[in-house]
Every structure is written in structure tokens, then in C-alpha cells.
Amino acid sequence: MKTIKYILTGVLLITFLVSCGKKEKKQEEGFTYQKVKDESTEVSNEQDGIVTIIISGNDQMQFDKSEIKVPSGKTVKLTLRHNGKMGANVMGHNFVLLKQGVNVAGFGRKAASARDNQFIPKDSENDVIAYTKVIGGGETTTITFKTPKAGTYDYICSFPGHYALMKGKFIVE
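Each residue of the sequence shown is one higher than the one before, counting from 1 in full-length UniProt numbering.
If you want it as C-alpha cells, here you go:
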């Protein structure tokens, strides 16, 4: 338990220090991002029954979308981008789509000790519809999955301590 407190304290301290620093925009060589509208609830693209979604996380523990709407009966191709600079061991992010009725806080607490399984607790794998691997600054990962039945689902980043800020609603219409 003390280890988790130290990890969370360290993550919060690093986040504070990074967010207070001088903001300079640098273009890293060979590293670009497509501009995605903030807080967009619309899907990026639908082609041949595949819905393409791009969601980004940053070093301030924020997703760029708090709500995602998709039509039912489709295949989703979701790309997670980490727009930050910190590594996966310090400020890793993933996308975890939870089944309806799953307690987000309870799942997040259990996930903190599941480092060896991409922060997905082995005894809670049945609570998850889909998830990406954990990525660090400058990295991108993509998953493909079928939309669940119509309804509202929670998505989070399950990296220790992130679920409280990095969360949103996945709405299947």
C-alpha cells in the first residue's frame, strides 16, 4: 500500500512540475500528429463498416475526448496517441473500455498492481471489452474491436492513478 502511495505522489509531483514549466513547441524530427478537434464526440471516419477513432493522451493525464459516439453493429479501429514526452514507465497511457456496471474506482485500484498485464487485473479481464497496450510519450497503438450493444460505457486509462482524470463515456447508438 505504501508503494502505491509513493507512486501516486511521484506521478502527481512530476505532473505538477511538467505543467508549470516553460511551454515551448518543438517539432521533433520524423514525429508529427494529425490535428484532431478537442472534445469531439464524432467518429473520425466510417468506411466499409469500420469506424476509425483517434484519441490522444498527454503528460498532464488528460484524454482529448471525454465522449465518443459510435453506431452499433460496427467494427471500431481505435488509435491511441501519447502526445507527451514522458516514458511509459512514468506516464504511460492505455485505453480500456469497460463493460456496463463495472465500478471504475474499484477496477482502477486493482489495475495499479497489474503492471505485468498492461494494468489489466487478471481477475477482472471479464470486465473489459477492449484495451490497448500501455504506451509512452511519442508512441501510438491501435486496436480493433466490435461495438458492444447499444448503451453507455466507461473508458479509462488504467495506469496507476490515472483513472480519476483520464476517463470518458463511450456511447453506442
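Note that the Cβ used here is the ideal one computed from N, Cα and C, for glycine as well.
Identify whether D64 lies in helix, strand or coil by the three-state DSSP scheme. In the structure shown, D64 sits in coil (DSSP, three-state: anything other than H, G, I, E or B).
**Prompt:** DSSP puts S56 in a beta bridge; with which residues?
**Reply:** According to DSSP, which records beta bridges pairwise, S56 is partnered with R81.
Checklist line | Candidates D59, I68, E67, D64, of which the one nearest M86 by Cα | finding: Nearest option by C-alpha distance: D59.
Practice problem: Determine the direct distance from the alpha carbon of I135 to that of G92, and round the result to whole angstroms. | Solution: When rounded, the distance between both Cα atoms is 5 Å.
Which whole-angstrom value describes the C-beta separation of I68 and I53, a residue pair presumed to lie in contact below a C-beta threshold of 8 Å? The beta-carbon separation of I68 and I53, rounded to 6 Å, stays under the 8 Å limit for a contact.
Coil, strand or helix - D48 by DSSP
In this structure, D48 counts as coil in the three-state DSSP scheme.
- prompt: Name the DSSP beta bridge partners of L165, please?
  reply: Answer by DSSP bridge pairing: none, since L165 is not bridged.
**Request:** Taking the CB atoms as reference points, tell me whether V96 and S158 lie closer together than 8 Å.
**Result:** Taking the C-beta atoms as reference points, S158 is found nearer than 8 Å to V96.
Practice item. Count the C-beta pairs between the stretch 101 to 113 and the stretch 67 to 84 that are closer than 8 Å, then say yes if the count reaches three, no if not. Key: Short answer: they don't touch.
* Can you tell me which of the three DSSP states F107 falls into? => Three-state result, F107: helix.
Reference N89; option with closest CA among K99, K110, R115, R81: Nearest C-alpha to N89: R115.
Can you tell me the Cα-Cα spacing of T142 and A130, whole angstroms?
Approximately 11 Å, taken between the alpha carbons.
Practice item. For D154, write down the residues that DSSP places opposite it in a beta bridge. Key: Answer by DSSP bridge pairing, in chain order: K169.
Practice task
Have a look at the DSSP bridge pairing and note the partners of F145.
Solution key: Checking the DSSP bridge columns, you'll see F145 partnered with V76.
Excluding five sequence neighbours on each side, which residues of the same chain lie with their C-beta closer than 7 Å to the C-beta of R81?
Correct list, in chain order: Y33, I54, S56, T140.
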